[in-house]
Amino acid sequence: MNWLDILLIVLFLKSAFDGFSKGFLLSAFKIAGTLVALYVSIFYRDVAVGFLKESLNMEEALSPMLNPGLPGTAHAVETSIGAGTLMEMALSALGFLAIFLAVQVLFALVGFFLSGVFMFSQLSFTNRIMGMGFGLLSTSVWIALISSVLSPFVMAWPGSVLERGVSGSYILQHMKFLDFILPVVVKFI
Numbered sequence: 001m002n003w004l005d006i007l008l009i010v011l012f013l014k015s016a017f018d019g020f021s022k023g024f025l026l027s028a029f030k031i032a033g034t035l036v037a038l039y040v041s042i043f044y045r046d047v048a049v050g051f052l053k054e055s056l057n058m059e060e061a062l063s064p065m066l067n068p069g070l071p072g073t074a075h076a077v078e079t080s081i082g083a084g085t086l087m088e089m090a091l092s093a094l095g096f097l098a099i100f101l102a103v104q105v106l107f108a109l110v111g112f113f114l115s116g117v118f119m120f121s122q123l124s125f126t127n128r129i130m131g132m133g134f135g136l137l138s139t140s141v142w143i144a145l146i147s148s149v150l151s152p153f154v155m156a157w158p159g160s161v162l163e164r165g166v167s168g169s170y171i172l173q174h175m176k177f178l179d180f181i182l183p184v185v186v187k188f189i
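According to the UniProt record's numbering, the stretch in the sequence shown is residues 1 to 189, in order.
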């Protein structure tokens with residue numbers, strides 16, 4: 001168990017508590033927001049990448065981070081993966097994440113409105129337990145997405161704290177749903 005496992009446990013406990021307190025309806029709305037954000041991000045990622053390249057000039061901003069010029073590592077990353085390929089992966093990941101977060105913010109605003117509307121109703125115990133399950137499922141999807149978005153950066157920094165944390169994480173290594181979510185997301189990114 002390492003620092004990443006402790007962070008994941010805290011995230012899972014928080015999501016279980018939030019789901020329990022919000023109930024099924026709001027937790028289901030949150031997971032629907034995550035799934036819609038995933039769908040929209042996959043199909044509009046290229047538009048965001050174009051915006052990042054042309055308007056924000058992200059290639060110049062990311063270049064020092066992805067190819068830091070450390071002795072031995074920069075050349076190894078450049079030759080094994082290709083600097084252009086790594087840059088495209090990073091831009092695709094950032095474009096995906098930007099669209100994903102924008103849709104999530106939109107759903108969060110609507111969810112905030114719904115929570116105000118349904119605040120007056122009493123949540124039954126079954127509703128709360130089902131909300132806890134949906135909260136845990138939503139956090140699991142988030143962890144899978146963040147793990148796939150971070151993969152180009154983990155490859156760019158071999159031996160870093162992040163790479164050691166991901167490779168040494170007991171929880172990430174035993175989350176079986178990542179086996180089918182990660183390849184799909186990485187394929188679309």
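Cβ atoms here follow ideal geometry from the backbone N, Cα and C, with glycine treated the same way.
Quiz item: Between the C-alpha atoms of W142 and V117, what's the straight-line distance to the nearest angstrom?
Solution: As a position in the sequence shown, residue 142 is number 142, starting the count at 1. As a position in the sequence shown, residue 117 is number 117, starting the count at 1. Looking at the two C-alpha atoms, the distance is approximately 26 Å.
Quiz item: Are the region 6 to 21 and the region 99 to 116 touching, with three or more C-beta to C-beta distances below 8 Å?
Solution: no
Quiz item: Taking just the CA atoms, how far does V49 sit from M58?
Solution: Counted from its first residue, the sequence shown places residue 58 at position 58. Counted from its first residue, the sequence shown places residue 49 at position 49. Rounded to whole angstroms, M58 to V49 spans 9 Å at the Cα level.
Exercise. Under 8 Å by Cβ, that's how I've got R164 and G23 pegged, so tell me the actual separation to the nearest angstrom.
Key: Numbered from 1 along the sequence shown, position 164 holds the residue referred to as residue 164. Numbered from 1 along the sequence shown, position 23 holds the residue referred to as residue 23. That pair is no contact at about 39 Å.
Quiz item: Taking the alpha-carbon positions, what's the L150 to F17 distance?
Solution: Counting from one through the sequence shown, the residue named residue 150 turns up at place 150. Counting from one through the sequence shown, the residue named residue 17 turns up at place 17. C-alpha separation (whole angstroms): 27 Å.
Self-check item: Length of the line joining the Cα atoms of V36 and I42
Solution: Here residue 36 refers to the residue found at position 36 of the sequence shown. Here residue 42 refers to the residue found at position 42 of the sequence shown. Note on geometry: alpha-carbon atoms of V36 and I42 lie some 10 Å from one another.
Quiz item: L86: which of M65, V105 and L7 sits nearest, CA to CA?
Solution: The residue given as residue 86 occupies position 86 in the sequence shown. When only C-alpha atoms are compared, the closest one is M65.
Quiz item: Considering S21, what are the terminal residues of the alpha helix (DSSP H) in which it resides?
Solution: In the sequence shown, residue 21 corresponds to position 21, counting from 1. Here the alpha helix (DSSP H) through S21 covers W3 to K22.
Self-check item: For G19 and M175, believed in contact at Cβ under 8 Å, the rounded distance
Solution: On the sequence shown, position 175 is the one that residue 175 refers to. On the sequence shown, position 19 is the one that residue 19 refers to. In fact, because the Cβ distance is near 18 Å, the residues do not count as touching under 8 Å.
Quiz item: Is the distance from the Cβ of L106 to the Cβ of L38 below 9 Å?
Solution: Within the sequence shown, residue 106 is the residue found at index 106, counting from 1. Within the sequence shown, residue 38 is the residue found at index 38, counting from 1. No, these two residues do not count as a Cβ contact at 9 Å.
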